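In what follows, a structure is listed as structure tokens, so that the remarks can point back to it.
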Amino acid sequence: MIIKNIEDKIRLAAIVAIGSLLTALIIVAVNCFYSYRLIAASQRNIYILDNNVPILAKQTDMQMNRPAEYRAEVDVFHSLFFSLTPDDKYMEYQMKKAMYLIDESGMQQYNDLKEKGFFNSILSSSSVLTLQTDSIVLDMQKRYFRYFGKLKIDRRSSTVIRSLITEGYLKDIPRSDNNPHGVIITNWKTLENKDLEDVEKNTF
Numbered sequence: 001m002i003i004k005n006i007e008d009k010i011r012l013a014a015i016v017a018i019g020s021l022l023t024a025l026i027i028v029a030v031n032c033f034y035s036y037r038l039i040a041a042s043q044r045n046i047y048i049l050d051n052n053v054p055i056l057a058k059q060t061d062m063q064m065n066r067p068a069e070y071r072a073e074v075d076v077f078h079s080l081f082f083s084l085t086p087d088d089k090y091m092e093y094q095m096k097k098a099m100y101l102i103d104e105s106g107m108q109q110y111n112d113l114k115e116k117g118f119f120n121s122i123l124s125s126s127s128v129l130t131l132q133t134d135s136i137v138l139d140m141q142k143r144y145f146r147y148f149g150k151l152k153i154d155r156r157s158s159t160v161i162r163s164l165i166t167e168g169y170l171k172d173i174p175r176s177d178n179n180p181h182g183v184i185i186t187n188w189k190t191l192e193n194k195d196l197e198d199v200e201k202n203t204f
């Protein structure tokens, strides 16, 4: 009977010990989880000093702004590439800035246009090119975009309006002064570049 009581006490002690261990592990796990959430939340807060008075400012999650940044990147690139004036130095400057935002597919299109005399024709006809963005369609899952715009070519003799549609993909890269959004355009293609209007100007 005494032995049985000892066995029961040992079993009870073991159950209490295991129960205590499991409870302690659960408490530790819960504390770790909430500590991680607290640290993650605190890292999204930054303080700005205003006359030595700290003011809390919310740091926005980067992914929340990504669609807007992608659209801005696509818009800026197309504006740099297509909004041109009859100034070879200016065109060179625009292209240099544009190439920071795109992979080799941009240089390939630039070289193709150069070979076809596109930039020389701007200089010889004193054309001013202005690009107006209509819309930018984004597929965030595939990081794919399709750009719709209208290109106005203002020459001495006429004004031409062209429909411009391009497509490409977007890839995240580290941010820099030359690429503040940290996005690079890849596999860029022109799907449509056709005349919609060609209005002759009065030359007298």
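Under the working numbering, the first residue of the sequence shown carries the number 1, and numbering increases by one thereafter. Yeah, the Cβ is synthetic: ideal placement off N, Cα and C, and Gly gets one too. Quick caveat: nothing in here was measured; it's all calculated off a predicted structure.
Rounded distance between the beta-carbons of D139 and K150, thought under 8 Å: Actually they are not in contact, since the Cβ atoms of K150 and D139 sit about 23 Å apart, beyond 8 Å.
Ignore the nearest five residues each way along the sequence and tell me which others in T130's own chain have a CB closer than 8 Å to its CB. Excluding positions up to five away in sequence, the list reads S83, L151, K152 and D154.
Less than 7 Å between C-beta atoms, sequence neighbours within five positions excluded: which residues of the same chain meet that for F77? A98, L101, I102 and I185
At the 8 Å Cβ level, is I26 part of the contact set with chain D, yes or no? Here there is only one protein chain, and chain D is not present.
Buried versus exposed call for Y70 [16 or more other C-beta atoms within 10 Å across all chains shown]: buried
What residues in its chain sit with their C-beta under 8 Å from that of Y169, if we drop five residues either side in the sequence? By the criterion of a C-beta distance shorter than 8 Å, Y169 is surrounded in its chain by K142, R143, Y144, F145, I185, T186 and N187, once the five residues flanking it on both sides are discounted.
Residue(s) in a DSSP beta bridge with E192: I165
Short check: CB of D198 to CB of V160, under 8 Å? yes
Buried or exposed: which applies to L164, given that a residue is buried once 16 or more other Cβ atoms fall within 10 Å of its Cβ? buried
Between which residues of its own chain and Q94 is the CB-CB distance below 8 Å, once the five residues before and five after are set aside? L80, F81, S83 and L84
Among R156, E115, E92 and T166, the one whose alpha carbon lies nearest that of D75: T166
Could you spell out where the beta strand (DSSP E) holding Y144 opens and where it closes? Looking at the DSSP string, the run of the beta strand (DSSP E) that includes Y144 is Y144 to D154.
Using a Cβ-Cβ cutoff of less than 6 Å, which residues in the same chain neighbour T190 once the five nearest sequence positions on both sides are dropped? T166
If S125 sits next to R156, beta carbons under 8 Å apart, how far is it from one beta carbon to the other, in whole angstroms? 7 Å
Using the three-state DSSP reduction, which class does S158 fall into: helix, strand or coil? S158 sits in a strand when the DSSP states are folded into three classes.
Determine the burial state of Q59: buried for a count of at least 16 other Cβ atoms within 10 Å of its Cβ, exposed for fewer. With a pLDDT of 49 at Q59, under the threshold of 50, the modelled position of that residue is not reliable, and no figure is offered here.
Mapping DSSP to helix, strand and coil, what is Q132? strand
Could you spell out where the alpha helix (DSSP H) holding L113 opens and where it closes? E104 to E115
So L196 and R162 are supposed to be a Cβ contact under 8 Å. How far apart are they, rounded? 6 Å
DSSP beta-bridge partners for T85? Paired residues: none, contrary to the question.
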